[in-house]
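Undergrad: My questions all concern the structure below.
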Amino acid sequence: MVYDVVIIGAGPAGLAAGLYASRARLTTLIIEKESEGGQIKTTDEVANYPGSVRDASGPSLIERMVEQVDEFGAKRVLDEITSVELEGKIKVLKGSKEEYKAKTVIIATGAVPRPIGCPGEKELTGRGVSYCATCDAAFFEDLEVFVVGGGDSAVEEALYLTKFARKVTIIHRRDELRAAKSIQEKAFKNEKIEFMWDSVVTELKGEGILESMVVKNVKTGDQKEKSSQMKTMEPLEYSYLLVLTQPQSYLKE
Ligand SMILES: Cc1cc2nc3c(=O)[nH]c(=O)nc-3n(C[C@H](O)[C@H](O)[C@H](O)COP(=O)(O)OP(=O)(O)OC[C@H]3O[C@@H](n4cnc5c(N)ncnc54)[C@H](O)[C@@H]3O)c2cc1C
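Per the working numbering, residue 1022 is the first one in the sequence shown, and the count goes up by one each step.
So, in structure tokens, the structure goes:
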């Protein structure tokens, strides 16, 4: 069968696209590799999604979105798309289980956290370690936040965080940023932003909450431990670590 529309990914974007396509009476297939919902299903509280009801959790919002696409007749399958041929009039998508054909393909593969890969990171995610500034910045009011990375998104997220945080320190493994010059200029002008150059986070420590992190200078090899003092709950002394997400763009590779 050749579908009018095939959507790769059933996060909020893929489900929204599926809703509109099937409502327009186009034959629509949504292909998801894990389970519907994407990143939002990992949160207990959806604070800022337009129209979401008070106390909506990620999973409850997604349940309703899935109901809606089903009501309008979109078909859903679980499969991972590993390659796509988009040149011809009929596009071909190869999945781990099957091959799919479509007149139009919507890629809504979203993003995944880009872990540092150091000890303690996994255990402390959501407990002082975050991957989403727009989701969590409001929790950082008056806190000290560390952002790992030096590209466009790291520096933009750091700038965004200055609206909430007391101080934002960008930890970057090189001695200069990779972000676009215009973004760099804004960061250098911002009094709340500091930089820790040539540095990588090698370990995150804490029992149930981020208590400290070990930062290594890659040029000198010096390591220092920075206490987060989250555990003591003293105002103005908490710190958070923000690690960035990356697009799931491996389809193109
Ligand atoms: C902890 C947390 C809290 C958040 N809180 C909020 C909030 O309160 N309000 C808000 O508006 N936003 C919030 N967000 C952000 C929100 O979750 C994202 O903006 C949203 O999920 C992005 O949707 P998306 O559909 O573009 O991508 P994603 O949610 O990343 O979904 C992409 C989907 O594509 C699938 N996929 C990827 N590759 C393939 C492939 N090759 N084949 C098949 N399927 C594939 C993935 O498995 C995934 O299900 C939060 C995010 C997090 C992590």
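Ideal Cβ positions, reconstructed from N, Cα and C, are used throughout, including at glycine.
Judging by CA-CA distance, which residue of V1023, K1207 and N1211 is the nearest neighbour of G1109?
TA: Sequence index remark: in the sequence shown, residue 1109 carries index 88 (1-based). Ranked by how close their Cα comes to the Cα of G1109, the residues V1023, K1207 and N1211 have V1023 in first place.
Undergrad: My output table needs one value for T1048: the three-state DSSP class, helix, strand or coil.
TA: Within the sequence shown, numbered from 1, the residue matching residue 1048 stands at position 27. In this structure, T1048 counts as coil in the three-state DSSP scheme.
Undergrad: Nearest by alpha-carbon distance to L1099: which of Y1041, G1079, E1232 and G1058 is it?
TA: One-based indexing of the sequence shown puts residue 1099 at position 78. Checking every option, the nearest Cα to that of L1099 belongs to G1058.
Undergrad: I'd like to confirm something about I1191: is its beta-carbon nearer than 6 Å to some heavy atom of ligand 1, or not?
TA: By 1-based counting over the sequence shown, the position of residue 1191 is 170. No, Cβ of I1191 sits at least 6 Å from all heavy atoms of ligand 1.
Undergrad: L1180 lies in the alpha helix (DSSP H); which residues open and close that run?
TA: Counting from 1 along the sequence shown, the entry for residue 1180 is found at position 159. Counted as a single uninterrupted DSSP element, the alpha helix (DSSP H) harbouring L1180 occupies residues D1173 to L1182.
Undergrad: Under 7 Å between the Cβ atoms of T1183 and G1030?
TA: Within the sequence shown, residue 1183 is the residue found at index 162, counting from 1. Within the sequence shown, residue 1030 is the residue found at index 9, counting from 1. T1183 is not a Cβ neighbour of G1030, given a cutoff of 7 Å.
Undergrad: What are the partner residues of I1029, as DSSP defines its beta bridges?
TA: By one-based count along the sequence shown, residue 1029 stands at place 8. Looking at the DSSP assignment, I1029 forms a beta bridge with I1052 and I1128.
Undergrad: So if DSSP puts F1216 in a beta bridge, which residue, or which two residues, is it bridged to?
TA: For this step, residue 1216 is matched to residue 195 along the sequence shown. According to DSSP, which records beta bridges pairwise, F1216 is partnered with I1191.
Undergrad: Relative to the alpha-carbon of M1117, which residue among V1126, V1067 and V1105 has its alpha-carbon at the smallest distance?
TA: On the sequence shown, residue 1117 is found 96 positions in, with the first residue counted as 1. As written in the sequence, residue 1117 is Ser, which differs from the Met given in the question. Of V1126, V1067 and V1105, the residue nearest in Cα terms is V1105.
Undergrad: Can you say whether T1103 is buried or exposed, counting buried as having 16 or more other CB atoms within 10 angstroms of its CB?
TA: For this step, residue 1103 is matched to residue 82 along the sequence shown. Label assigned to T1103: exposed.
Undergrad: Per DSSP, K1096 forms a beta bridge with which residues?
TA: Translated into positions along the sequence shown, residue 1096 becomes position 75. BP columns for K1096 point to L1050.
Undergrad: Among D1219, E1232, L1164 and H1193, which has the Cα closest to the Cα of K1240?
TA: Residue numbering aside, residue 1240 sits at position 219 when the sequence shown is read from its first letter. That would be D1219, whose Cα lies nearest to the Cα of K1240.
Undergrad: With DSSP run on the structure shown, which of helix, strand or coil describes P1134?
TA: As a first step, residue 1134 must be located in the sequence shown, where it is residue number 113. Looking at P1134 - three-state DSSP - the assignment turns out to be strand.
Undergrad: Across which residues does DSSP place L1107 in a beta bridge pair?
TA: If you number the sequence shown from 1, residue 1107 lands on position 86. L1107 pairs with nothing; no bridge assigned.
Undergrad: Residues bridged to Y1024 by DSSP?
TA: One-based indexing of the sequence shown puts residue 1024 at position 3. In the DSSP output, where bridge partners are listed per residue, Y1024 has A1123.
Undergrad: So, with DSSP's three-state summary, where would you put E1224?
TA: The residue labelled residue 1224 in the question sits at position 203 within the sequence shown. If DSSP states are grouped into helix, strand and coil, E1224 belongs with the strands.
Undergrad: Give me, in chain order, the residues of the same chain whose beta-carbon lies closer than 8 Å to that of R1187; leave out the 5 immediate sequence neighbours on both sides.
TA: Here residue 1187 corresponds to residue number 166 of the sequence shown, with the count starting at 1. So the list reads D1163, L1164, E1165, K1213 and L1257, once near-sequence residues are dropped.
Undergrad: Take every Cβ of the segment 1089–1099, pair it with every Cβ of the segment 1045–1062, and state whether three or more of those distances are shorter than 8 Å.
TA: yes
Undergrad: Among S1043, I1028, E1232 and R1194, whose alpha-carbon lies nearest the alpha-carbon of M1095?
TA: What you label residue 1095 is simply residue 74 of the sequence shown in a count that begins at 1. For clarity, residue 1095 is Ala in the given sequence; the question names Met instead. It is S1043 whose Cα lies nearest to the Cα of A1095.
Undergrad: Looking only at C-alpha atoms, which of E1066, E1232, L1231 and G1170 sits nearest to V1221?
TA: Counting from 1 along the sequence shown, the entry for residue 1221 is found at position 200. If we check each option's Cα against that of V1221, G1170 comes out closest.
Undergrad: I'd like to confirm the pairing. Which residues does DSSP put opposite G1116 in its beta bridges?
TA: Within the sequence shown, the letter at position 95 stands for residue 1116. In the DSSP output, where bridge partners are listed per residue, G1116 has I1102.
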